[in-house]
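Protein chains in written order, with the numbering used here: chain F, 176 to 568; chain X, 28 to 282. The block underneath contains the structure these notes are about, expressed in structure tokens.
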């Protein structure tokens with residue numbers, strides 16, 4: 176079974192490039208050039224150097240001892256929360272900004288939900304001296320004020336998306352409209368493994384550093400490079416794809432993707448795409464998305480803004496449909512409790528996104544000696560207000 | 028030959044086409060607007076079926092789409108409304124909307140319904156050429172539907188030739204790099220682009236759209252093509268309380 180992209184830009188039934196003609200030249204240029212640029216030795220060296228000296232990689236693989244005792248398995252945390260800007264998002268923006276430079280682009284646009292990808296994009300634009308415009312839903316701008324301020328301080332222009340539900344989906348629409356109107360000088364840094372081909376593959380490759388390092392670190396720490404389980408949360412699915420990437424073809428490794436059930440799968444306030452969604456097209460690729468019978472995209476809900484997306488990347492849809500990955504979901508409440516648990520057991524406050532992956536540990540049965548890696552995709556500083564409200568801190 | 032192909036074959040003058048969103052301003056206005064537009068001089072129509080995430084559209088059509096969805100519009104309901112289309116309207120009709128809505132309805136069911144109610148073709152901006160050829164073309168042809176492709180200022184000559192080969196009614200020339208509803212600056216750049224396309228001597232007629240808002244921009248654009256399409260400016264001008272009069276008022280400038 177091939178779990179990676181084919182020459183048509185598809186993962187099995189999913190993927191492709193469903194874009195209006197106005198975006199075709201840009202996406203086609205990327206499609207033709209991205210692999211050659213990524214494979215270029217000089218690009219590789221530059222990317223590696225920035226990840227090491229600027230982002231602070233490799234991120235530690237930490238054996239969480241008290242958590243391991245609790246669950247009866249060896250629980251390793253891949254500490255993406257320790258990256259510069261506080262999440263895995265920067266791996267992708269570093270890669271894409273270097274690629275944009277190679278393409279001769281002068282202006283960068285991005286979409287953001289909670290603001291993590293927006294901050295990571297504004298950061299690399301400041302680093303390389305490029306103009307940066309970030310689209311963010313009007314609703315998200317109000318609830319994520321500190322990240323808006325960070326982006327502004329980094330020199331980005333933050334534009335409010337006022338259409339539709341005024342959240343991540345609409346910010347993505349606005350970024351696409353910007354790209355339609357600025358087809359020559361602009362590169363669109365998509366923040367997840369979504370969008371038209373080649374974005375899902377390109378972003379997955381930039382994020383694959385997560386599983387690449389994990390393999391080496393596991394070998395060093397356990398004598399075996401393959402774990403029994405890897406877990407990660409999924410909104411669009413970029414940290415999960417980075418965490419899965421180098422394990423996908425080793426079918427002994429169980430891949431577990433955790434979606435946000437919100438207030439419960441059947442509550443009408445959920446973002447559990449693989450359970451609630453159907454096959455369709457959103458934001459340029461064929462995948463699984465939450466929609467009405469008429470094909471209108473449904474508004475998702477999750478306490479975690481980073482998982483509050485009505486679709487998943489096409490490669491995830493393929494892993495789900497083929498059964499290679501297990502797609503589960505965790506409610507807002509379970510995630511918040513898992514966040515508190517990690518904080519009190521290990522002294523690490525996780526992003527609520529990552530807490531969804533941690534919460535799934537409660538539902539698993541382990542054998543003694545199982546090696547389990549959880550991608551701790553981000554830190555919880557940005558979520559303090561939510562934690563404070565929920566736990567009355 | 029469908030009505031659209033017939034129209035271009037027998038064309039004597041520059042054509043004027045109007046786009047509007049089905050289900051806007053009121054859910055049941057669809058046929059009345061079509062009738063009124065035929066009466067006031069439109070040569071063919073694009074009826075938009077709304078989608079929640081219309082990335083190629085500017086603010087006006089986004090808003091009309093949202094209103095239509097809030098009113099309860101669906102593709103199934105639109106086909107229901109169009110049941111009597113051919114008793115009331117004779118000019119060619121295209122449906123315009125996004126691919127996900129068609130996918131959920133079912134491609135074969137969609138095409139079959141189009142034929143049944145008397146729709147002549149479709150514009151689906153986010154349906155790529157590759158997917159059209161692989162998965163849709165045979166079905167479209169089986170039901171005699173014309174698929175309309177877009178060409179933009181950035182589309183390469185090679186690709187335009189390919190699109191020309193796949194087209195059997197007309198090519199939709201997007202006037203500038205923008206979403207719908209931006210104002211066309213009748214600049215030297217735009218004129219050069221229209222002339223460049225005209226000089227290619229394509230087999231398909233070309234109709235210009237995006238940014239055409241009034242008589243001036245209509246005349247400027249259509250002199251380089253077989254006609255032009257007006258969308259946002261028409262939708263913006265619709266007066267929900269005075270539907271017929273507002274349509275008539277808008278169309279008068281072209282008579």
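Glycine is no exception: its CB is placed at the ideal position from the N, C-alpha and C atoms. Model, not experiment: these values are computed from the prediction.
- Counting only residues of its own chain and dropping the five nearest sequence neighbours on each side, residue 235(X) has a CB closer than 6 angstroms to the CB of 200, 202, 248, 252, 255.
- At a C-beta separation below 9 angstroms, residue 339(F) has these neighbours in chain X: 79, 80, 89, 93.
- Under the Cβ distance rule, residue 204(X) counts among the residues neighbouring chain F, one pair being separated by less than 8 angstroms.
- Take the alpha-carbon of residue 277(F) and the one of residue 29(X): they are about 48 angstroms apart.
- Just measuring C-alpha positions, the residue of 207(X), 149(X), 258(X) sitting nearest residue 44(X) is 258(X).
- At a cut-off of 8 angstroms between beta carbons, residue 226(X) makes no contact with chain F.
- CA-CA distance, residue 325(F) to residue 300(F), rounds to 13 angstroms.
- Each residue's CA atom was taken as its position, placing residue 362(F) and residue 264(X) some 35 angstroms apart.
- A direct Cα-Cα distance of roughly 8 angstroms separates residue 226(F) from residue 233(F).
- Secondary structure at residue 275(F): helix, using DSSP grouped into helix, strand and coil.
- Burial check for residue 337(F): the Cβ neighbour count within 10 Å stays below 16, so the residue is exposed.
- In this structure, residue 537(F) lies away from residue 410(F), with their beta-carbon atoms at least 8 angstroms apart.
- Here residue 103(X) is actually not in contact with residue 77(X); their C-beta atoms are around 13 angstroms apart, not less than 8 angstroms.
- Comparing alpha-carbon positions, the option among 207(F), 342(F), 489(F) lying closest to residue 190(F) turns out to be 489(F).
- Residues of chain F whose Cβ lies closer than 9 angstroms to the Cβ of residue 181(X) are, in chain order, 196, 197, 199, 200, 201, 358, 359.
- Under the DSSP assignment, residue 465(F) falls outside any alpha helix (DSSP H); it carries neither an H nor an E label.
- Apart from the 5 residues on each side of it in sequence, residue 533(F) sits with its Cβ closer than 7 angstroms to the Cβ of 513, 517, 525, 549 in its chain, given in chain order.
- Approximately 12 angstroms separates the beta-carbon atoms of residue 155(X) and residue 125(X); this is outside 8 angstroms, ruling out the contact.
- Between the stretch 301–311 of chain F and the stretch 279–286 of chain F, the count of Cβ pairs shorter than 8 angstroms is three or higher; the stretches touch.
- Counting only runs of 3+ residues, the beta strand (DSSP E) found wholly inside the stretch 293–374 of chain F occupies 306–312, 332–336, 361–364, in chain order.
- Beta-bridge analysis with DSSP links residue 71(X) to 44(X).
- Per DSSP, residue 218(F) is one residue of the alpha helix (DSSP H) stretching across 216–225.
- Between the C-alpha atoms of residue 262(F) and residue 291(F) there is a straight-line separation of about 7 angstroms.
- For a Cβ distance threshold of 9 angstroms, nothing in chain F lies close to residue 116(X): the least Cβ distance comes to about 24 angstroms.
- Runs of beta strand (DSSP E) with 3 or more residues, each lying fully within the stretch 447–500 of chain F, are found at 453–457, 460–464, listed in chain order.
- Beta-bridge analysis with DSSP links residue 177(X) to 199(X).
- For a Cβ distance threshold of 7 angstroms, residue set 80 of chain X lies close to residue 344(F), ordered along the chain.
- Inter-segment contact for the stretch 310–322 of chain F and the stretch 339–353 of chain F is present: three or more beta-carbon pairs are separated by less than 8 angstroms.
- Relative to the Cα of residue 522(F), the nearest Cα in the group 406(F), 405(F), 256(F) belongs to 256(F).
- Shown in chain order are the members of the stretch 432–459 of chain F whose Cβ falls below 9 angstroms from a Cβ of chain X: 453, 454, 455, 456, 457, 458, 459.
- DSSP, read as helix, strand or coil, puts residue 434(F) in strand.
- Taking the beta carbon of residue 153(X) as reference, the chain F residues within 8 angstroms of it are 193, 194, 195, 456, 459, listed in sequence order.
- Per the coordinates, the alpha-carbon of residue 35(X) lies some 12 angstroms from the alpha-carbon of residue 118(X).
- In chain X, no part has a C-beta under 7 angstroms from the C-beta of residue 396(F); the shortest such distance is about 45 angstroms.
- If you look at residue 172(X), you'll find it isn't in any beta strand (DSSP E); DSSP assigns it neither H nor E.
- Here residue 509(F) is buried, its C-beta having at least 16 other C-beta atoms within 10 Å.
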